[in-house]
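Visitor: Just dropping this structure here.
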Amino acid sequence: MTLLTIDRQPNKARAFNPFLRAGTDRMKELIVEVQKQVEGYEHYYKLRTRARRAVDQATFERILEAIICDLCVCVLQPEFDAIHLPLSNKVLRKQSRYKGVALGKTLPDTLHILTAEETLFVGLKTGTSKFKISDEMMNVAFAGGVQTTVWAEHKLLSRIERFGISYEDIKQDLGEEAIILREPKERPDQRAKAQEYKDTPDTLALRGQLTDINTWLGEADLHCDLPEVNTQDRYLRRIFNNSDFAQGGRLYGGFWQRMSTQDRQEHIMIDGECVVELDYGQMSLSILYGLAGTKPPEGDLYDLSADGISTDYRKGIKIVAQAVINSSKVPTRMPKGVRKHLPARYSIRDILAAIKRKHPTIYPQMTSGIGMQLFRKESDILVDVLETLRSEGIVALPVHDAVFVRDNNSDKAKAVMKKVFEDHTSITPDVTLG
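So in the UniProt record's numbering, the last one in the sequence shown is 434, and the numbering has no gaps at all.
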């Protein structure tokens with residue numbers, strides 16, 4: 001079955017990625033072909049009375065490139081067959097560090113030509129908006145809706161096939177904002193909104209670190225033998241929370257983060273070699289001891305056997321401990337899903353009392369709502385690990401408190417992880433091979 005015989009009517013759409021670029025000559029050639037037809041359409045229908053200014057031409061070409069590249073990726077992805085995107089002036093004319101050039105005010109004009117009957121590179125289903133009466137004065141408020149959906153049509157599909165386009169032909173624009181600040185969540189089940197901010201020496205330094213890391217990862221020799229995995233998806237972002245750069249900062253992005261640990265170890269290769277996982281054990285508790293200026297007790301920090309709670313229940317104990325750290329107040333009931341790891345005879349009070357006896361020095365901090373500050377420290381440590389490994393020529397793929405490296409680099413990477421952690425906390429960490 002070829003791309004041209006597949007029914008491309010959209011069933012499942014994802015958000016438009018406006019930060020994709022052509023990464024090879026053949027992808028650039030495909031885009032040039034499309035651009036010539038778009039400009040030919042403009043000329044034939046006299047849509048322009050004069051040539052675009054240089055800056056406007058660059059914007060036009062960037063919009064066209066982003067649309068075509070993302071639709072090519074969408075065609076290659078088995079789980080999606082369309083992309084959705086905003087076309088309202090409220091969004092497209094708004095200035096934002098998170099938007100990118102391709103989400104500009106002339107995006108609808110470009111899409112209009114791409115979806116015209118004479119060109120028909122792209123199919124389009126117009127979005128809808130819903131409104132409701134908001135008060136007794138009959139004022140109307142926006143109440144949600146569905147964004148416009150676009151998908152690749154025959155003329156684009158035929159070129160994807162003719163040029164032999166694959167994931168390797170498309171790359172991420174390093175100009176995408178990698179330092180993301182989010183507002184507090186309005187509801188626990190909602191994603192927090194991105195917040196604008198003014199750059200400071202600190203945010204510039206944070207962005208500089210990620211630019212170096214993303215450039216390094218972009219040039220790395222990474223391979224995955226699962227055909228559905230897009231190994232060009234390597235761009236990392238740091239997401240800070242609650243309108244505060246002192247909270248959060250964890251690294252997100254990269255194809256490997258969406259894979260299971262087993263799949264990473266079995267299917268990813270760096271420089272043609274198998275990878276291993278190196279994991280910081282008991283990271284949150286170790287950092288808390290570092291902040292308290294004291295050494296943690298010897299052995300497993302989740303071992304509550306002194307209170308008669310078997311080490312068989314370690315997983316449940318860890319879940320409770322992490323829930324305490326990441327809660328704004330001390331939990332009064334067991335976290336969701338923990339009961340399959342802890343017998344019913346143990347109440348949340350029993351576990352918390354045992355944790356307090358095990359860790360009297362840091363328990364006040366554990367119950368202070370410090371979780372997001374710990375995420376900031378954890379992520380700072382991991383970024384420093386990546387930077388140090390990069391300086392030694394070692395490619396590492398981060399997953400929160402772990403990294404994946406080539407098997408033959410594991411000893412060096414482990415030593416780096418220990419030293420960086422010690423530099424940040426004065427605590428010698430437990431780094432395990434996953």
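For each residue, glycine too, the CB sits at the ideal point set by N, CA and C.
How about Ile160 and Gly290: are their beta carbons less than 7 angstroms apart?
Guide: For the purposes of this step, residue 160 is taken as the residue at position 160 of the sequence shown. For the purposes of this step, residue 290 is taken as the residue at position 290 of the sequence shown. Result no, Cβ atoms of Ile160 and Gly290 do not sit closer than 7 angstroms.
Visitor: Report the rounded CA-to-CA distance for Thr332 versus Phe60, giving the unit in angstroms.
Guide: Residue mapping note: residue 332 aligns to position 332 of the sequence shown, counting from 1. Residue mapping note: residue 60 aligns to position 60 of the sequence shown, counting from 1. Computed Cα separation, rounded: 56 angstroms.
Visitor: Indicate whether Leu85 and Phe121 have their beta-carbon atoms separated by less than 7 angstroms.
Guide: As a first step, residue 85 is located in the sequence shown; it is residue number 85 there, counting from the start. As a first step, residue 121 is located in the sequence shown; it is residue number 121 there, counting from the start. Their beta carbons are not under 7 angstroms apart, which means Leu85 does not touch Phe121 by this criterion.
Visitor: Kindly list the residues whose CB is nearer than 8 angstroms to the CB of Met417, restricted to its own chain and excluding five residues on each side of it in sequence; keep chain order.
Guide: The residue given as residue 417 occupies position 417 in the sequence shown. Result list for Met417: Leu278, Tyr280, Val385, Val403, Pro429 and Val431, in chain order.
Visitor: Note down the Cα distance separating Asn326 from Phe19, rounded to an integer number of angstroms.
Guide: On the sequence shown, residue 326 is found 326 positions in, with the first residue counted as 1. On the sequence shown, residue 19 is found 19 positions in, with the first residue counted as 1. Rounded to whole angstroms, Asn326 to Phe19 spans 33 angstroms at the Cα level.
Visitor: Closer than 6 angstroms to a non-hydrogen atom of the ligand COA - does that hold for the CB of Ile239?
Guide: With respect to small molecules bound, the structure shown includes none, and the ligand COA cannot be examined in it.
Visitor: If you follow the alpha helix (DSSP H) that Arg390 is in, where does it begin and where does it stop?
Guide: Mapped onto the sequence shown, residue 390 falls at position 390. It spans Gly371 to Ser391 - the alpha helix (DSSP H) in which Arg390 sits, taken as one unbroken run.
Visitor: Helix or strand or just coil, what does DSSP make of Val399?
Guide: Within the sequence shown, numbered from 1, the residue matching residue 399 stands at position 399. In the structure shown, Val399 sits in a strand (DSSP, three-state: E or B).
Visitor: Where are the alpha helix (DSSP H) runs, 4 residues long or more, that stay fully inside the region 273-330, in chain order?
Guide: 283-292 and 314-325
Visitor: Taking the C-alpha atoms as reference points, what is the distance between Lys358 and Asp423?
Guide: As a working note, residue 358 is residue 358 in the sequence shown. As a working note, residue 423 is residue 423 in the sequence shown. C-alpha separation (whole angstroms): 26 angstroms.
Visitor: Decide yes or no for the touch test of the region 360-368 against the region 182-196: beta carbon pairs closer than 8 angstroms, at least 3 of them.
Guide: The region 360-368 and the region 182-196 do not touch, with fewer than 3 CB-CB distances between them shorter than 8 angstroms.
Visitor: Count Cβ pairs between the region 250-270 and the region 385-397 that sit closer than 8 angstroms; are there 3 or more?
Guide: yes
Visitor: Taking C-alpha atoms, which residue in Phe375, Leu236 and Gln147 lies nearest to Thr128?
Guide: The residue you call residue 128 lines up with position 128 of the sequence shown. Nearest Cα to Thr128 within the set Phe375, Leu236 and Gln147: Gln147.
Visitor: Out of Arg250, Ile83, Thr425 and Asp212, which has the shortest C-alpha to C-alpha gap to Thr388?
Guide: Here residue 388 corresponds to residue number 388 of the sequence shown, with the count starting at 1. The residue with the shortest Cα to Cα distance from Thr388 is Asp212.
Visitor: Do you know how far the Cα of Pro78 is from the Cα of Tyr98?
Guide: For this step, residue 98 is matched to residue 98 along the sequence shown. For this step, residue 78 is matched to residue 78 along the sequence shown. Cα to Cα, the separation comes out at about 27 angstroms.
Visitor: For Val75, tell me which candidate among Thr106, Tyr313, Ser166 and Glu219 has the shortest Cα-Cα distance.
Guide: Here residue 75 refers to the residue found at position 75 of the sequence shown. The shortest C-alpha separation from Val75 is found at Ser166.
Visitor: Could you check the C-alpha separation between Val140 and Leu111 for me, to the nearest Å?
Guide: Along the sequence shown, one-based indexing puts residue 140 at 140. Along the sequence shown, one-based indexing puts residue 111 at 111. Residue placement at Val140 is flagged as unreliable, the pLDDT there being 48, under the threshold of 50; the coordinate-derived value follows with that caveat. If I take the Cα positions, the gap works out to 29 angstroms.
Visitor: Can you list, in chain order, the residues of its chain with a C-beta nearer than 8 angstroms to that of Ile170? Leave out the 5 residues immediately preceding and following it.
Guide: The sequence position of residue 170 within the sequence shown is 170, counting from 1. Taken in chain order, the residues that qualify are Leu20, Arg21, Ala22, Gly23, Met27, Cys69, Cys72, Val73 and Gln232.
Visitor: Using the three-state DSSP reduction, which class does Thr148 fall into: helix, strand or coil?
Guide: Taking the first residue of the sequence shown as position 1, residue 148 is located at position 148. Reduced to three states, the DSSP call for Thr148 is strand.
Visitor: Buried or exposed: which applies to Asp56, given that a residue is buried once 16 or more other Cβ atoms fall within 10 Å of its Cβ?
Guide: The residue you call residue 56 lines up with position 56 of the sequence shown. That one is exposed.
Visitor: Based on Cα-Cα distance, which residue from Pro343, Arg53, Glu168 and Asn408 lies nearest to Glu219?
Guide: Locating residue 219 in the sequence shown gives position 219, where the first residue counts as 1. For the residues Pro343, Arg53, Glu168 and Asn408, the minimum Cα distance to Glu219 belongs to Glu168.
Visitor: Drop a sphere of 10 angstroms on the beta-carbon of Ser410, count the other beta-carbons inside from all chains shown, and report buried for 16 or more, exposed for fewer.
Guide: One-based indexing of the sequence shown puts residue 410 at position 410. That one is buried.
Visitor: Indicate whether Asn241 and Met372 have their beta-carbon atoms separated by less than 7 angstroms.
Guide: Here the question's residue 241 lines up with position 241 in the sequence shown. Here the question's residue 372 lines up with position 372 in the sequence shown. Judged by their CB atoms, Asn241 and Met372 are nearer to each other than the 7 angstroms cut-off.
Visitor: Let's see if you can read the secondary structure: which residues bound the alpha helix (DSSP H) around Asp70?
Guide: Taking the sequence shown and counting its residues from 1, one reaches residue 70 at position 70. Element bounds for Asp70: Ala54 to Leu76.
Visitor: Which residue's Cα is closest to the Cα of Thr149: Trp216, Glu266 and Ala13?
Guide: To locate residue 149, count along the sequence shown from 1; it is residue 149. The shortest Cα separation from Thr149 among Trp216, Glu266 and Ala13 belongs to Ala13.
Visitor: Between the beta-carbon of His341 and the beta-carbon of Gly316, is there less than 7 angstroms?
Guide: Counted from its first residue, the sequence shown places residue 341 at position 341. Counted from its first residue, the sequence shown places residue 316 at position 316. The answer is yes: Cβ separation under 7 angstroms.
Visitor: Could you check which residue in Ala66, Val320, Ala415 and Ala292 has the C-alpha nearest to that of Gly337?
Guide: Against the sequence shown, residue 337 aligns to sequence position 337. Of Ala66, Val320, Ala415 and Ala292, the residue nearest in Cα terms is Val320.
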